[in-house]
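Positions 164 to 295 (the numbering used here) are the ones given, in order, by the sequence shown.
Backbone N, C-alpha and C define an ideal beta-carbon position, used for all residues, glycine too.
Owing to the predicted nature of the structure, the values given are computational and were not obtained by experimental measurement.
Read through the structure below, which is laid out as structure tokens, and then see the notes.
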Amino acid sequence: MSTRKPSKSIEVIINEDGRYLLPAVQFVREGLSTAVNKLQSGSGASYERRHVSGAELCHSLREIAQQRWGLLARQVLAHWGVTSTRDFGEIVFLLVDNDWMQKEPTDSIEDFDEVYDFVEAFDRDFSITLDK
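Printed below as a string of structure tokens:
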């Protein structure tokens, strides 16, 4: 794994790439942190370095988006340039390529392909969960 420090800010990377807005990248980073915390709390270990798969990250992002924006989740993500789970992967690999994230040798962009359909996930399968 690379231990290099990023040479460009995330803002510069996003502006150069042009596909996504900054909030999309911030959202993916937040989703990764949430997924890691969820996996660590489920493992019972006080700290365990755990790799998050592309599918796990996508499901974490779906959950956060549904909780935060409800039926508007798909529209919010689309406004940021994110219209499929592949876009989550494109953001991850953009950050990996610029030393903001790391990947395992077996990770690939294809891990993010068609994890779920956005219309199904955010419109048809929407449900409200109340905290107790």
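V278 and N178 have their C-alpha atoms spaced approximately 27 Å apart. The alpha carbon of K171 has as its nearest neighbour, out of L202, V191, F285, V259, the alpha carbon of V259.
Short of 8 Å from the beta carbon of D286, and not among the five residues preceding or following it, lie these beta carbons of its own chain, in chain order: L234, R237. With contacts defined by Cβ atoms closer than 8 Å, V199 and V255 do not form a contacting pair.
Taking 8 Å as the cut-off, the beta carbon of Y183 is found no closer than this to the beta carbon of G252. With contacts defined by Cβ atoms closer than 8 Å, I176 and T197 do not form a contacting pair. Distances from the CA of P169 to each of S223, L185, C221, L257 were compared; the closest alpha carbon is that of L257.
Collapsing the DSSP output to three states places W232 in a helix. When the Cα atoms are used, H222 and R231 turn out to be separated by approximately 14 Å.
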